[in-house]
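Input: a single structure, listed below in structure tokens.
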Amino acid sequence: MNILILEDEMRIARRLARMTKQYFEYQPAHIELCDALPKGLAYVEKNPVHLLLLDLNLNGEDGFTLLQTMVSHSFHTIIVSAHTDKAITAFAYGVLDFVPKPFDEARLFKAFDRLRATTPAAVPEQTLQHLAIRANGAVKLVPLAQVQRIQGAGNYSELRLFNGHTELHDKSMDALEQLLPADAFVRIHRSYIIRWQDADQLLIEAGGRYAIRMKNGEVLPVGRSRYKNLRARLG
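Quick note on numbering: the sequence shown equals residues 1 to 235 in the numbering used here.
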């Protein structure tokens, strides 16, 4: 596991590193410290990053710039910042958590618990309202209410909107599954996340394959390991 801490105050960066090392003591992890935005950008370009701990004020530069720039990279981000007024914007970017400064070990560990968790309870307390789409150096916020379903596209994810348009999101299906509100969106297959209220009926097709019919008549594949839970959820 490769963890990047992007924080311009080295006292805080070292404290974050110490707590991070303590939390992940039984999991091999490399922790890299960067104290400036250009250094952080260069590191992410050259190295795989699994988790980013990001300050938003980096010697006067905006930490969101890294999230806007790293379109082709997929990693979880935990914001650690005193600028709590930017929390809503942070969650719109799809970050895993926002840890306000000053922070303590318990609050930081709670954020790490969300990273480890794979259950619906891991959804952040601040319910995600938008997904940030980054393209051509700009950021567009897509309201979650406009998303009909999500489909895998290699290392990316395709957002299929109710208006028929498609938007490409730079996070993987696994990453989005953890961020999306579990009461509204459900993973039915390695390549599909659907809006649950649009599900109509589970199907067993020829050859013992599973599928789900949506209310619009569309039929999508269901992973064998997910069928039992989906059947219980449909009642």
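Where a beta carbon is used, it is the ideal one built from N, C-alpha and C, also for glycine.
Self-check item: Segment limits, beta strand (DSSP E) that includes A135
Solution: 130-135
Quiz item: Leaving out five residues before and five after K86 in sequence, what residues of the same chain have Cβ atoms less than 7 angstroms from its Cβ?
Solution: L56
Quiz prompt | Residue burial classification, I193 (beta-carbon count within 10 angstroms, cutoff 16) | solution = buried
Practice problem: Report back the beta-carbon spacing between L161 and Q146 to the nearest angstrom; my notes put them in contact at under 8 angstroms. | Solution: 5 angstroms
Quiz item: Under a three-way DSSP split, which group does S81 fall into?
Solution: strand
Quiz item: Hey, would you say P221 sits closer than 8 angstroms to A211, going by beta carbons?
Solution: yes
Exercise. Find out if the Cβ-Cβ distance for the pair L131, H169 is shorter than 8 angstroms.
Key: yes
Practice problem: Starting from M1, follow the beta strand (DSSP E) in both directions and report where the run begins and ends. | Solution: Run containing M1: none; DSSP gives neither H nor E here.
Quiz item: Helix, strand or coil: how does DSSP classify L234 here?
Solution: helix
Exercise. Would you mind sorting H30 into buried or exposed? The rule is 16 or more other CB atoms within 10 Å of its CB.
Key: exposed
Practice problem: Kindly indicate which residue of L16, V95, S191, M1 has the alpha-carbon position closest to the one of F103. | Solution: L16
Self-check item: Reduced DSSP category for V44 - H, G, I as helix; E, B as strand; rest coil
Solution: helix
Exercise. Classify M1 as buried or exposed, calling it buried when 16 or more other Cβ atoms lie within 10 Å of its own Cβ.
Key: exposed
Quiz item: Does the count of Cβ pairs from the stretch 75-86 and the stretch 20-39 closer than 8 angstroms reach three?
Solution: no
Quiz prompt | Beta-carbon contacts of V219 that lie in its chain and below 6 angstroms, excluding the five residues immediately before and after | solution = A211, R213
Self-check item: Own chain partners of D62 with C-beta closer than 7 angstroms, once the 5 adjacent residues on each side are dropped
Solution: L56
Exercise. Measure the C-alpha to C-alpha separation of F24 and I3 and round it to an integer number of angstroms.
Key: 10 angstroms
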